[in-house]
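In this note's numbering, the protein residues as written are -15 to 391.
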């Protein structure tokens, strides 16, 4: 049940999540280069990215269960405190194993976003929930624009003498600030009425297994596309800094600014253009265009030798990410019954999490084995497979709910 205090709670939650994601955005672009400061090869540098996703994949369901049982606010405070400790570990690291320990611990404690989404579900009605989740999306967008930009400033302009400790400690300070916001300003959202509702939903929720899912080919295709797109993007994210250092002699500042540029493009598309584009093309055609742009962008990165070409390529990549991910979520939701949406979207989210483990792992290995362009060129091949699957959705769509909705 919504009340007059929920607007304030959502604003505080937005502020808390935004500040925390700002820290994440600071660290993400510079992490592989930080690993190289301690002698890591490309494979080890990308495994440092993958270990976070692995730990998050293993522990995120536990945080969700704990937040249902003990409340959203305690879990949010606990996971944010974990972020503070993990960033401090990065900031004081003096060896590669400490970096791995810090990132692994960060992944274990990465339950704040899911908890924040559960908080919004508690305090909004179904009619207003999309608006609340959209506010969280805005926090993501701003965090991934300003975070890399701040990280680039803090590391300094000299590629050969970058300061990796300061951005990490600054990110720790941001997470501490987010923790204080939640501690002082955020009330608990879970009450006896909501707890009873959660228990009732658990008892009546239909149980799905992979065998049942395999009998729904269109759903499997969409989840498969989701996996492939995330795999290619995660491979790019984990090796772009390594590629730009080797091919363009860039340091962490220049790479961070490039990530900020992609964040700006993504925000423009998701914030203003995607609604118009969906009406003009329909969701299925727009999904194809988004995936095609992503694949073309990855292909161009593999051959880029100039800033103009690289900016063109990353614009296409940002276009592809901004279009494909929300539309995939929408299409999956549209062909899923209301009582099973949570489980199906959870399966899609799990496939995405697995892709964020396997994508960087493959990217580092291919970077070492086949050269610096291999993660991007192989990513383009993965996207080609996603395009073929997308055509299968188009062929089968006339008898499906997806096509009826997308028209």
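Yeah, the Cβ is synthetic: ideal placement off N, Cα and C, and Gly gets one too.
Residue i and residue j closer than 9 Å at C-beta
i	j	result
residue 140	residue 244	no
residue 213	residue 370	yes
residue 73	residue 86	yes
residue 61	residue 92	no
residue 343	residue 304	no
residue 208	residue 373	yes
residue 319	residue 271	no
residue 17	residue 226	yes
residue 155	residue 35	no
residue 238	residue 137	no
residue 331	residue 317	no
residue 409	residue 345	The shown model of the chain, from -15 to 391, leaves out residue 409, and the question about it has no answer.
residue 67	residue 162	yes
residue 300	residue 277	yes
residue 51	residue 98	yes
residue 90	residue 71	yes
residue 24	residue 32	yes
residue -2	residue 166	no
residue 339	residue 210	yes
residue 311	residue 255	no
residue 222	residue 347	yes
residue 294	residue 242	yes
residue 135	residue 240	yes
Residue i in three-state terms, based on DSSP
i	result
residue 313	helix
residue 0	helix
residue 266	coil
residue 172	coil
residue 319	coil
residue 344	helix
residue 357	coil
residue 96	helix
residue 21	coil
residue 211	helix
residue 12	coil
residue 362	helix
residue 67	helix
residue -7	helix
residue 58	helix
residue 351	helix
residue 222	helix
residue 142	coil
residue 228	helix
residue 260	helix
Local Cβ density within 10 Å of residue i, reported as buried at 16 or more and exposed below that
i	result
residue 229	buried
residue 233	exposed
residue 359	buried
residue 281	buried
residue 142	exposed
residue 289	exposed
residue 55	buried
residue 81	exposed
residue 127	buried
residue 414	For residue 414 there is no data in the structure shown, the boundaries of the chain being -15 and 391.
residue 103	buried
residue 354	exposed
residue 26	buried
residue 145	exposed
residue 260	exposed
residue 253	buried
residue 297	buried
residue 49	exposed
Range of the contiguous alpha helix (DSSP H) that encloses residue i
i	result
residue 32	26 to 54
residue 200	Careful: residue 200 lies outside any alpha helix (DSSP H) and carries neither H nor E.
residue 236	236 to 252
Review point. What are the uninterrupted segments assigned as alpha helix (DSSP H) that are 4 or more residues long and contained completely in the stretch 282 to 308, given in chain order?
Key: Runs found: none.
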